[in-house]
Amino acid sequence: MGKADKYWHIQMYKPEGKGGIEIDSMKMLQEPNPVIGTGESDALDCIQFKDVENGTIVFVREGNKALALCEIIDEAFRSNELENKYYNTNYRHVKILAWAKDYKQPRPQLFSQGTFKSCKSSTEQYHYIDEWLKYIKIMENLKKYKTQVLSNKNLILSGAPGTGKSYLARLIAASIIGCDKDELIGSKQFQFVQFHPSYDYTDFVEGLRPYQKEGSNDIGFKLEPGIFYSFCQDALEDKENNYVFVIDEINRGEISKIFGELFFSVEPSYRGPKGNVTTQFANLHKEENEFDKMTTDNKRKIKRKGNFFVPENVFIIATMNDIDRSVENLDFAFRRRFPTEYIKWDDTLDSILETLTISFKEEAKEALTRLNQAIAEEEELGEDYTIGGAYLLHLKDMGDANSSLEAFWNSYLGTIINEYLKGLLSQKDLKEKVTSLKNIFLEAKTDKQ
122 MGKADKYWHI
132 QMYKPEGKGG
142 IEIDSMKMLQ
152 EPNPVIGTGE
162 SDALDCIQFK
172 DVENGTIVFV
182 REGNKALALC
192 EIIDEAFRSN
202 ELENKYYNTN
212 YRHVKILAWA
222 KDYKQPRPQL
232 FSQGTFKSCK
242 SSTEQYHYID
252 EWLKYIKIME
262 NLKKYKTQVL
272 SNKNLILSGA
282 PGTGKSYLAR
292 LIAASIIGCD
302 KDELIGSKQF
312 QFVQFHPSYD
322 YTDFVEGLRP
332 YQKEGSNDIG
342 FKLEPGIFYS
352 FCQDALEDKE
362 NNYVFVIDEI
372 NRGEISKIFG
382 ELFFSVEPSY
392 RGPKGNVTTQ
402 FANLHKEENE
412 FDKMTTDNKR
422 KIKRKGNFFV
432 PENVFIIATM
442 NDIDRSVENL
452 DFAFRRRFPT
462 EYIKWDDTLD
472 SILETLTISF
482 KEEAKEALTR
492 LNQAIAEEEE
502 LGEDYTIGGA
512 YLLHLKDMGD
522 ANSSLEAFWN
532 SYLGTIINEY
542 LKGLLSQKDL
552 KEKVTSLKNI
562 FLEAKTDKQ
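Position one of the sequence shown corresponds to residue 122 (this note's numbering), numbered consecutively onward.
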(Lines of atoms letter the chains of each structure in order from A; the text may use other names.)
(Lines give C-alpha, C1' and ligand atoms only; values in the text may rest on other atoms or scores of the structure.)
Protein backbone atom coordinates (compact mmCIF):
# COMPACT_ATOMS: atom_id res chain seq x y z
CA MET A 122 0.00 0.00 0.00
CA GLY A 123 1.29 3.45 -0.84
CA LYS A 124 1.17 6.43 -3.09
CA ALA A 125 1.91 4.39 -6.25
CA ASP A 126 -1.28 2.28 -6.00
CA LYS A 127 -3.38 2.67 -9.14
CA TYR A 128 -6.99 2.72 -7.88
CA TRP A 129 -8.44 4.04 -4.62
CA HIS A 130 -11.89 4.52 -3.14
CA ILE A 131 -13.15 7.19 -0.79
CA GLN A 132 -16.13 8.10 1.35
CA MET A 133 -16.12 11.64 2.70
CA TYR A 134 -17.54 11.91 6.23
CA LYS A 135 -17.45 14.89 8.52
CA PRO A 136 -14.20 14.35 10.51
CA GLU A 137 -14.54 12.65 13.90
CA GLY A 138 -13.39 15.72 15.79
CA LYS A 139 -16.13 17.76 14.14
CA GLY A 140 -19.13 15.59 14.85
CA GLY A 141 -18.62 12.44 12.78
CA ILE A 142 -21.80 12.81 10.71
CA GLU A 143 -22.07 12.35 6.96
CA ILE A 144 -21.68 15.23 4.54
CA ASP A 145 -23.10 15.61 1.04
CA SER A 146 -20.34 14.07 -1.09
CA MET A 147 -22.25 14.76 -4.30
CA LYS A 148 -22.13 18.52 -3.66
CA MET A 149 -18.35 18.32 -3.40
CA LEU A 150 -18.24 16.64 -6.81
CA GLN A 151 -20.61 19.27 -8.23
CA GLU A 152 -18.43 22.22 -7.21
CA PRO A 153 -17.33 24.41 -10.18
CA ASN A 154 -13.93 22.80 -9.61
CA PRO A 155 -14.85 19.34 -8.21
CA VAL A 156 -13.06 18.20 -5.06
CA ILE A 157 -12.72 15.25 -2.71
CA GLY A 158 -11.49 15.63 0.87
CA THR A 159 -10.41 14.10 4.19
CA GLY A 160 -9.70 15.33 7.67
CA GLU A 161 -6.33 16.01 9.27
CA SER A 162 -5.05 13.29 11.60
CA ASP A 163 -2.32 10.69 12.05
CA ALA A 164 -4.58 8.08 10.45
CA LEU A 165 -2.92 6.40 7.46
CA ASP A 166 -5.75 7.22 5.05
CA CYS A 167 -5.46 10.95 5.78
CA ILE A 168 -1.70 10.85 5.24
CA GLN A 169 -2.01 8.85 2.00
CA PHE A 170 -4.73 11.14 0.69
CA LYS A 171 -2.24 14.03 0.67
CA ASP A 172 0.52 11.82 -0.74
CA VAL A 173 -1.06 9.96 -3.70
CA GLU A 174 0.14 10.99 -7.13
CA ASN A 175 -1.75 13.10 -9.63
CA GLY A 176 -3.44 10.84 -12.15
CA THR A 177 -4.61 8.44 -9.45
CA ILE A 178 -8.12 7.07 -10.12
CA VAL A 179 -10.56 7.41 -7.22
CA PHE A 180 -13.95 5.71 -6.88
CA VAL A 181 -16.18 8.07 -4.87
CA ARG A 182 -18.96 6.44 -2.88
CA GLU A 183 -21.70 7.22 -0.40
CA GLY A 184 -21.85 4.16 1.80
CA ASN A 185 -22.06 1.23 -0.64
CA LYS A 186 -23.49 3.42 -3.39
CA ALA A 187 -21.25 4.56 -6.24
CA LEU A 188 -21.33 8.29 -7.03
CA ALA A 189 -18.59 8.84 -9.60
CA LEU A 190 -15.22 7.78 -10.93
CA CYS A 191 -12.61 10.56 -10.76
CA GLU A 192 -8.98 11.34 -11.50
CA ILE A 193 -6.89 13.42 -9.06
CA ILE A 194 -5.47 16.36 -10.99
CA ASP A 195 -3.48 18.46 -8.48
CA GLU A 196 -1.70 18.50 -5.13
CA ALA A 197 -3.41 18.51 -1.71
CA PHE A 198 -4.53 21.93 -0.49
CA ARG A 199 -6.57 23.62 2.23
CA SER A 200 -9.48 26.01 1.80
CA ASN A 201 -11.40 27.88 4.52
CA GLU A 202 -14.34 28.24 2.12
CA LEU A 203 -14.56 24.51 1.48
CA GLU A 204 -13.90 23.61 5.12
CA ASN A 205 -16.80 25.80 6.25
CA LYS A 206 -19.10 23.88 3.90
CA TYR A 207 -17.78 20.34 4.14
CA TYR A 208 -15.71 20.29 7.39
CA ASN A 209 -12.86 18.34 5.78
CA THR A 210 -9.40 19.88 6.12
CA ASN A 211 -7.47 18.57 3.11
CA TYR A 212 -8.74 18.62 -0.47
CA ARG A 213 -7.72 17.43 -3.93
CA HIS A 214 -9.17 18.72 -7.17
CA VAL A 215 -10.49 15.95 -9.41
CA LYS A 216 -11.67 15.45 -12.96
CA ILE A 217 -15.00 13.61 -13.20
CA LEU A 218 -14.46 10.67 -15.54
CA ALA A 219 -17.99 9.31 -15.28
CA TRP A 220 -21.09 9.44 -13.10
CA ALA A 221 -22.37 6.22 -11.57
CA LYS A 222 -25.86 6.73 -13.03
CA ASP A 223 -24.33 5.80 -16.40
CA TYR A 224 -22.85 2.51 -15.16
CA LYS A 225 -23.81 -0.50 -13.08
CA GLN A 226 -23.62 -0.23 -9.29
CA PRO A 227 -21.07 -2.45 -7.50
CA ARG A 228 -22.07 -5.53 -5.57
CA PRO A 229 -23.48 -4.53 -2.12
CA GLN A 230 -20.78 -4.21 0.56
CA LEU A 231 -17.95 -4.28 -2.01
CA PHE A 232 -16.65 -0.82 -1.02
CA SER A 233 -18.03 -0.60 2.50
CA GLN A 234 -14.81 -0.23 4.50
CA GLY A 235 -12.52 2.74 5.04
CA THR A 236 -12.49 6.44 4.25
CA PHE A 237 -9.64 6.49 1.69
CA LYS A 238 -8.35 3.06 0.76
CA SER A 239 -6.35 1.51 -2.08
CA CYS A 240 -7.59 -1.36 -4.26
CA LYS A 241 -5.11 -4.18 -4.79
CA SER A 242 -4.90 -5.63 -8.31
CA SER A 243 -6.12 -9.04 -7.19
CA THR A 244 -9.36 -7.73 -5.64
CA GLU A 245 -12.89 -7.46 -6.94
CA GLN A 246 -12.75 -3.74 -6.15
CA TYR A 247 -9.84 -3.26 -8.54
CA HIS A 248 -11.53 -5.19 -11.34
CA TYR A 249 -14.79 -3.26 -10.89
CA ILE A 250 -12.96 0.06 -11.37
CA ASP A 251 -10.84 -1.34 -14.21
CA GLU A 252 -13.92 -2.53 -16.11
CA TRP A 253 -15.59 0.83 -15.56
CA LEU A 254 -12.60 2.62 -17.10
CA LYS A 255 -12.72 0.31 -20.11
CA TYR A 256 -16.43 1.05 -20.47
CA ILE A 257 -15.69 4.79 -20.37
CA LYS A 258 -13.18 4.38 -23.21
CA ILE A 259 -15.71 2.43 -25.26
CA MET A 260 -18.36 5.09 -24.71
CA GLU A 261 -15.93 7.90 -25.62
CA ASN A 262 -15.09 6.19 -28.91
CA LEU A 263 -18.76 5.50 -29.53
CA LYS A 264 -19.61 9.16 -28.97
CA LYS A 265 -16.88 10.17 -31.43
CA TYR A 266 -18.14 7.80 -34.13
CA LYS A 267 -21.76 8.80 -33.51
CA THR A 268 -20.84 12.48 -33.95
CA GLN A 269 -19.10 11.67 -37.24
CA VAL A 270 -22.13 9.81 -38.59
CA LEU A 271 -24.58 12.53 -37.56
CA SER A 272 -22.47 15.28 -39.13
CA ASN A 273 -21.41 13.42 -42.30
CA LYS A 274 -24.47 11.19 -42.86
CA ASN A 275 -22.09 8.38 -43.91
CA LEU A 276 -19.15 6.55 -42.31
CA ILE A 277 -16.93 3.58 -43.17
CA LEU A 278 -15.34 1.59 -40.36
CA SER A 279 -12.18 0.09 -41.80
CA GLY A 280 -9.64 -2.20 -40.19
CA ALA A 281 -8.15 -5.65 -39.88
CA PRO A 282 -10.48 -8.66 -39.67
CA GLY A 283 -11.81 -9.40 -36.21
CA THR A 284 -11.66 -5.87 -34.82
CA GLY A 285 -15.38 -5.90 -34.08
CA LYS A 286 -16.38 -3.40 -36.78
CA SER A 287 -19.81 -4.96 -37.37
CA TYR A 288 -20.51 -5.02 -33.63
CA LEU A 289 -19.36 -1.41 -33.33
CA ALA A 290 -21.60 -0.40 -36.24
CA ARG A 291 -24.58 -1.83 -34.37
CA LEU A 292 -23.62 0.04 -31.20
CA ILE A 293 -23.40 3.31 -33.15
CA ALA A 294 -26.73 2.61 -34.83
CA ALA A 295 -28.43 1.93 -31.49
CA SER A 296 -27.03 5.17 -30.07
CA ILE A 297 -28.22 7.22 -33.06
CA ILE A 298 -31.67 5.63 -33.00
CA GLY A 299 -31.90 5.92 -29.21
CA CYS A 300 -32.43 2.29 -28.26
CA ASP A 301 -30.56 -0.62 -26.72
CA LYS A 302 -28.43 -2.73 -29.06
CA ASP A 303 -30.66 -5.75 -28.41
CA GLU A 304 -33.70 -3.75 -29.58
CA LEU A 305 -32.30 -3.18 -33.09
CA ILE A 306 -33.55 -6.49 -34.46
CA GLY A 307 -37.09 -5.98 -35.64
CA SER A 308 -36.86 -2.17 -35.56
CA LYS A 309 -37.92 -0.55 -38.83
CA GLN A 310 -35.38 2.21 -38.06
CA PHE A 311 -32.49 -0.23 -38.53
CA GLN A 312 -31.40 -2.41 -41.42
CA PHE A 313 -28.31 -4.58 -41.83
CA VAL A 314 -27.15 -6.03 -45.14
CA GLN A 315 -23.95 -7.76 -46.22
CA PHE A 316 -22.59 -7.13 -49.70
CA HIS A 317 -21.14 -9.95 -51.81
CA PRO A 318 -20.04 -10.35 -55.48
CA SER A 319 -23.53 -11.38 -56.67
CA TYR A 320 -25.31 -8.48 -54.99
CA ASP A 321 -26.65 -5.90 -57.46
CA TYR A 322 -28.92 -2.91 -58.14
CA THR A 323 -32.10 -4.99 -58.17
CA ASP A 324 -31.36 -6.24 -54.65
CA PHE A 325 -30.47 -2.81 -53.32
CA VAL A 326 -32.64 -0.29 -55.17
CA GLU A 327 -35.34 -1.92 -57.29
CA GLY A 328 -35.84 -4.50 -60.00
CA LEU A 329 -38.11 -7.04 -61.65
CA ARG A 330 -39.11 -10.04 -59.58
CA PRO A 331 -40.85 -13.21 -60.83
CA TYR A 332 -44.30 -14.08 -59.51
CA GLN A 333 -46.98 -16.64 -60.31
CA LYS A 334 -50.03 -15.09 -61.93
CA GLU A 335 -53.20 -15.58 -59.96
CA GLY A 336 -55.35 -18.45 -61.18
CA SER A 337 -52.72 -19.92 -63.51
CA ASN A 338 -49.34 -21.54 -63.66
CA ASP A 339 -47.88 -18.71 -65.73
CA ILE A 340 -44.91 -16.78 -64.37
CA GLY A 341 -44.81 -13.02 -64.74
CA PHE A 342 -42.50 -10.25 -63.61
CA LYS A 343 -43.30 -7.19 -61.55
CA LEU A 344 -41.34 -4.25 -60.24
CA GLU A 345 -40.36 -4.62 -56.58
CA PRO A 346 -38.42 -2.21 -54.36
CA GLY A 347 -34.99 -3.28 -53.08
CA ILE A 348 -33.99 -3.29 -49.43
CA PHE A 349 -32.53 0.24 -49.42
CA TYR A 350 -35.42 1.70 -51.42
CA SER A 351 -37.97 0.28 -48.95
CA PHE A 352 -35.91 1.48 -46.01
CA CYS A 353 -35.83 5.03 -47.39
CA GLN A 354 -39.60 4.91 -47.97
CA ASP A 355 -40.13 4.12 -44.29
CA ALA A 356 -37.75 6.92 -43.28
CA LEU A 357 -39.55 9.42 -45.52
CA GLU A 358 -42.85 8.65 -43.80
CA ASP A 359 -41.28 9.01 -40.34
CA LYS A 360 -39.22 12.20 -40.60
CA GLU A 361 -39.03 12.78 -36.83
CA ASN A 362 -36.86 9.71 -36.19
CA ASN A 363 -33.38 8.64 -37.24
CA TYR A 364 -32.90 5.61 -39.50
CA VAL A 365 -29.59 3.76 -39.76
CA PHE A 366 -28.63 1.47 -42.64
CA VAL A 367 -25.54 -0.73 -42.04
CA ILE A 368 -23.64 -2.26 -44.97
CA ASP A 369 -21.28 -4.99 -43.83
CA GLU A 370 -18.20 -5.73 -45.97
CA ILE A 371 -19.12 -3.01 -48.44
CA ASN A 372 -16.09 -3.62 -50.66
CA ARG A 373 -17.10 -7.24 -51.32
CA GLY A 374 -19.75 -5.93 -53.72
CA GLU A 375 -19.35 -4.11 -57.04
CA ILE A 376 -20.26 -0.67 -55.76
CA SER A 377 -21.01 1.05 -59.09
CA LYS A 378 -23.35 -1.81 -60.09
CA ILE A 379 -25.16 -1.81 -56.73
CA PHE A 380 -25.60 1.94 -56.23
CA GLY A 381 -25.99 3.04 -59.84
CA GLU A 382 -27.31 6.62 -59.95
CA LEU A 383 -27.55 6.62 -56.13
CA PHE A 384 -23.90 7.73 -56.04
CA PHE A 385 -25.34 11.23 -56.33
CA SER A 386 -28.13 10.72 -53.77
CA VAL A 387 -25.91 9.43 -50.97
CA GLU A 388 -23.75 12.56 -51.13
CA PRO A 389 -24.24 14.25 -47.72
CA SER A 390 -24.87 17.66 -49.30
CA TYR A 391 -27.56 16.22 -51.61
CA ARG A 392 -29.76 14.45 -49.13
CA GLY A 393 -33.48 15.09 -49.52
CA PRO A 394 -35.36 16.22 -52.68
CA LYS A 395 -32.40 18.28 -53.95
CA GLY A 396 -30.58 14.98 -54.48
CA ASN A 397 -33.37 13.46 -56.54
CA VAL A 398 -32.51 10.91 -59.23
CA THR A 399 -34.62 8.95 -61.70
CA THR A 400 -34.25 5.21 -61.16
CA GLN A 401 -33.31 2.78 -63.92
CA PHE A 402 -36.81 1.28 -63.86
CA ALA A 403 -38.66 4.63 -63.80
CA ASN A 404 -40.70 3.81 -66.92
CA LEU A 405 -42.27 0.84 -65.09
CA HIS A 406 -43.64 2.93 -62.22
CA LYS A 407 -47.40 3.01 -62.66
CA GLU A 408 -48.36 4.95 -59.51
CA GLU A 409 -47.01 8.07 -57.90
CA ASN A 410 -45.04 7.38 -54.69
CA GLU A 411 -43.89 9.60 -51.82
CA PHE A 412 -40.65 10.49 -53.62
CA ASP A 413 -42.62 11.60 -56.71
CA LYS A 414 -44.90 13.79 -54.60
CA MET A 415 -41.93 15.75 -53.26
CA THR A 416 -40.11 16.11 -56.59
CA THR A 417 -40.88 18.49 -59.44
CA ASP A 418 -39.23 19.06 -62.84
CA ASN A 419 -38.38 22.72 -62.26
CA LYS A 420 -38.07 23.50 -65.95
CA ARG A 421 -41.47 22.19 -67.04
CA LYS A 422 -43.17 22.19 -63.61
CA ILE A 423 -44.38 18.64 -64.08
CA LYS A 424 -44.30 15.52 -61.98
CA ARG A 425 -42.42 12.45 -63.11
CA LYS A 426 -42.76 8.93 -61.79
CA GLY A 427 -39.75 6.84 -60.71
CA ASN A 428 -38.07 9.51 -58.60
CA PHE A 429 -35.86 8.65 -55.65
CA PHE A 430 -33.72 10.44 -53.08
CA VAL A 431 -32.17 9.57 -49.73
CA PRO A 432 -34.09 11.27 -46.90
CA GLU A 433 -32.25 13.56 -44.49
CA ASN A 434 -32.91 11.21 -41.57
CA VAL A 435 -31.14 8.23 -43.16
CA PHE A 436 -27.59 7.51 -42.00
CA ILE A 437 -25.31 4.91 -43.59
CA ILE A 438 -22.56 3.02 -41.75
CA ALA A 439 -20.37 0.60 -43.70
CA THR A 440 -17.56 -1.77 -42.73
CA MET A 441 -14.66 -3.04 -44.79
CA ASN A 442 -11.43 -5.04 -44.55
CA ASP A 443 -8.66 -3.33 -46.54
CA ILE A 444 -6.46 -6.43 -46.72
CA ASP A 445 -9.02 -8.81 -48.23
CA ARG A 446 -7.47 -9.67 -51.60
CA SER A 447 -10.70 -11.10 -53.04
CA VAL A 448 -12.71 -7.86 -52.95
CA GLU A 449 -13.09 -4.62 -54.87
CA ASN A 450 -11.22 -1.44 -54.02
CA LEU A 451 -13.51 1.52 -53.39
CA ASP A 452 -12.96 4.28 -55.93
CA PHE A 453 -12.17 7.85 -54.93
CA ALA A 454 -15.64 9.12 -55.86
CA PHE A 455 -17.22 6.77 -53.34
CA ARG A 456 -14.60 7.38 -50.64
CA ARG A 457 -15.21 11.12 -50.98
CA ARG A 458 -18.81 10.51 -49.93
CA PHE A 459 -17.86 8.17 -47.09
CA PRO A 460 -15.28 9.39 -44.56
CA THR A 461 -13.33 6.47 -43.10
CA GLU A 462 -12.43 5.67 -39.51
CA TYR A 463 -9.67 3.10 -39.06
CA ILE A 464 -10.35 0.69 -36.19
CA LYS A 465 -7.16 -0.73 -34.68
CA TRP A 466 -7.06 -4.16 -33.07
CA ASP A 467 -6.60 -2.74 -29.57
CA ASP A 468 -9.44 -0.20 -29.90
CA THR A 469 -12.03 -2.93 -29.30
CA LEU A 470 -9.98 -5.61 -27.51
CA ASP A 471 -11.14 -4.81 -23.97
CA SER A 472 -14.81 -4.71 -24.90
CA ILE A 473 -14.48 -8.08 -26.65
CA LEU A 474 -12.64 -9.59 -23.69
CA GLU A 475 -15.53 -8.57 -21.44
CA THR A 476 -17.80 -10.98 -23.30
CA LEU A 477 -15.52 -13.99 -22.76
CA THR A 478 -16.16 -16.53 -20.01
CA ILE A 479 -12.68 -18.11 -20.07
CA SER A 480 -10.56 -18.17 -16.90
CA PHE A 481 -7.41 -16.78 -18.57
CA LYS A 482 -8.45 -13.44 -20.07
CA GLU A 483 -5.24 -11.66 -19.08
CA GLU A 484 -3.04 -14.39 -20.55
CA ALA A 485 -5.05 -14.27 -23.79
CA LYS A 486 -4.78 -10.48 -23.96
CA GLU A 487 -1.03 -10.56 -23.37
CA ALA A 488 -0.51 -13.28 -25.98
CA LEU A 489 -2.50 -11.41 -28.65
CA THR A 490 -0.70 -8.17 -27.81
CA ARG A 491 2.70 -9.82 -28.26
CA LEU A 492 1.64 -11.33 -31.56
CA ASN A 493 0.22 -8.10 -32.97
CA GLN A 494 3.26 -6.09 -31.97
CA ALA A 495 5.39 -8.62 -33.87
CA ILE A 496 3.07 -8.58 -36.91
CA ALA A 497 3.14 -4.77 -37.04
CA GLU A 498 6.95 -4.87 -37.16
CA GLU A 499 7.12 -7.57 -39.86
CA GLU A 500 8.30 -6.20 -43.22
CA GLU A 501 5.92 -8.50 -45.15
CA LEU A 502 2.91 -7.69 -42.99
CA GLY A 503 2.42 -4.51 -40.92
CA GLU A 504 -0.40 -2.93 -38.91
CA ASP A 505 -3.12 -3.83 -41.44
CA TYR A 506 -2.50 -7.54 -40.84
CA THR A 507 -2.89 -7.52 -37.06
CA ILE A 508 -5.36 -9.97 -35.51
CA GLY A 509 -8.60 -8.51 -34.15
CA GLY A 510 -9.88 -9.45 -30.71
CA ALA A 511 -13.03 -11.05 -32.13
CA TYR A 512 -10.93 -14.12 -32.97
CA LEU A 513 -10.62 -14.71 -29.22
CA LEU A 514 -14.31 -15.63 -29.20
CA HIS A 515 -13.16 -19.00 -30.55
CA LEU A 516 -11.07 -19.69 -27.43
CA LYS A 517 -12.03 -22.79 -25.47
CA ASP A 518 -11.15 -23.22 -21.79
CA MET A 519 -9.27 -26.51 -21.69
CA GLY A 520 -8.26 -26.30 -18.05
CA ASP A 521 -5.16 -24.12 -18.36
CA ALA A 522 -3.99 -21.21 -20.48
CA ASN A 523 -1.09 -23.18 -21.93
CA SER A 524 -3.05 -25.87 -23.73
CA SER A 525 -5.97 -23.56 -24.55
CA LEU A 526 -3.84 -20.95 -26.33
CA GLU A 527 -1.85 -23.58 -28.23
CA ALA A 528 -5.04 -25.28 -29.44
CA PHE A 529 -6.37 -21.86 -30.47
CA TRP A 530 -3.22 -21.17 -32.50
CA ASN A 531 -3.37 -24.55 -34.22
CA SER A 532 -7.06 -24.19 -35.11
CA TYR A 533 -7.22 -20.51 -36.10
CA LEU A 534 -4.25 -18.16 -35.88
CA GLY A 535 -1.65 -20.40 -37.52
CA THR A 536 -3.88 -20.83 -40.57
CA ILE A 537 -4.53 -17.08 -40.84
CA ILE A 538 -0.84 -16.14 -40.53
CA ASN A 539 0.10 -18.79 -43.08
CA GLU A 540 -2.48 -17.39 -45.53
CA TYR A 541 -1.18 -13.84 -44.98
CA LEU A 542 2.37 -14.82 -45.89
CA LYS A 543 1.70 -17.42 -48.58
CA GLY A 544 3.16 -16.29 -51.89
CA LEU A 545 5.40 -13.72 -50.23
CA LEU A 546 8.02 -16.15 -48.90
CA SER A 547 9.61 -19.42 -49.96
CA GLN A 548 8.11 -22.53 -48.39
CA LYS A 549 11.06 -22.86 -45.99
CA ASP A 550 10.99 -19.19 -44.95
CA LEU A 551 7.21 -19.32 -44.61
CA LYS A 552 7.40 -22.24 -42.20
CA GLU A 553 10.13 -20.56 -40.15
CA LYS A 554 8.23 -17.26 -39.98
CA VAL A 555 4.96 -18.89 -38.88
CA THR A 556 6.84 -20.89 -36.23
CA SER A 557 8.56 -17.73 -35.02
CA LEU A 558 5.24 -15.89 -34.64
CA LYS A 559 3.73 -18.90 -32.88
CA ASN A 560 6.56 -18.84 -30.33
CA ILE A 561 6.00 -15.13 -29.76
CA PHE A 562 2.28 -15.71 -29.24
CA LEU A 563 2.88 -18.54 -26.74
CA GLU A 564 5.91 -16.97 -25.05
CA ALA A 565 5.81 -16.94 -21.22
CA LYS A 566 2.16 -17.94 -21.17
CA THR A 567 2.93 -20.30 -18.29
CA ASP A 568 4.27 -17.48 -16.04
CA LYS A 569 0.85 -17.18 -14.39
CA GLN A 570 0.05 -20.86 -14.24
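Every residue gets a Cβ at the ideal spot worked out from N, C-alpha and C, and that includes glycine.
Just so you know, these numbers come straight off a predicted model, no measurement behind them.
State the CB to CB distance for the pair residue i and residue j, rounded to an integer number of angstroms; the pair is presumed to be in contact (CB under 8 angstroms).
i, j, result
"Thr159", "Asp166", "7 angstroms"
"Lys274", "Pro389", "4 angstroms"
"Asp471", "Lys222", "With a Cβ gap of about 22 angstroms, Asp471 and Lys222 do not count as contacting."
Measure the alpha-carbon distance for residue i versus residue j and round it to whole angstroms.
i, j, result
"Asp339", "Gln333", "6 angstroms"
"Arg163", "Lys238", "Strictly speaking, residue 163 in this sequence is Asp, with Arg absent from that position. About 15 angstroms."
"Leu516", "His214", "43 angstroms"
"Val387", "Val435", "9 angstroms"
"Glu202", "Asn175", "23 angstroms"
"Lys148", "Thr236", "17 angstroms"
"Phe325", "Lys414", "22 angstroms"
"Phe412", "Gln312", "20 angstroms"
"Thr323", "Glu375", "13 angstroms"
"Lys343", "Lys378", "21 angstroms"
"Leu289", "Asp521", "31 angstroms"
"Leu563", "Leu534", "12 angstroms"
"Asp467", "Phe402", "46 angstroms"
"Arg421", "Lys407", "Confidence is the limiting factor: at Arg421 the pLDDT is only 47, short of 50, which leaves the residue's position unreliable and the question unanswerable from this model."
"Met133", "Val173", "16 angstroms"
"Glu204", "Ile131", "17 angstroms"
"Gly503", "Gln246", "38 angstroms"
"Thr507", "Ala439", "20 angstroms"
Taking all protein chains shown into account, decide if residue i is buried (16 or more other Cβ within 10 angstroms of its Cβ) or exposed.
i, result
"Glu409", "exposed"
"Asn560", "exposed"
"Glu484", "buried"
"Gln226", "exposed"
"Ala356", "buried"
"Asp303", "exposed"
"Glu382", "exposed"
"Asp550", "exposed"
"Asp145", "exposed"
"Glu500", "exposed"
"Lys554", "buried"
"Pro153", "exposed"
"Asn531", "exposed"
Grab me the residues of residue i's own chain with a C-beta within less than 7 angstroms of its C-beta, minus the 5 sequence neighbours each way, in chain order.
i, result
"Ser480", "Asp518"
"Lys171", "Ala197 and Asn211"
"Leu292", "Leu263 and Lys302"
"Phe385", "Tyr391, Gly396 and Val398"
"Gly307", "none"
"Asp321", "Lys378 and Ile379"
Might you give, ordered along the chain, the residues of its own chain that have their beta carbon closer than 6 angstroms to the beta carbon of residue i, omitting 5 neighbours on each side?
i, result
"Lys216", "Glu192 and Ile194"
"Ala219", "Leu190 and Ile257"
"Gly123", "Because Gly123 sits at a pLDDT of 47, beneath the cut-off of 50, its placement in the model cannot be relied upon, and the point is left open."
"Asp126", "Ser239"
Leaving out five residues before and five after residue i in sequence, what residues of the same chain have Cβ atoms less than 8 angstroms from its Cβ?
i, result
"Leu514", "Ile473, Thr476 and Leu477"
Exercise. Where are the alpha helix (DSSP H) runs, 4 residues long or more, that stay fully inside the stretch 355-443, in chain order?
Worked result: 376-380, 383-386 and 411-414
For this session: Within the stretch 132-186, note down every full alpha helix (DSSP H) run reaching 4 residues or more, in order along the chain.
Result: 146-150 and 165-172
Problem set entry | In chain order, each beta strand (DSSP E) run of at least 3 residues that lies wholly inside the stretch 185-273 | 186-193, 211-220 and 237-240
Exercise. Quick one: complete alpha helix (DSSP H) runs, 4+ long, within the stretch 301-357?
Worked result: 322-325 and 348-357
Problem set entry | 3 or more residues per run - each beta strand (DSSP E) lying fully within the stretch 456-509 | 461-464
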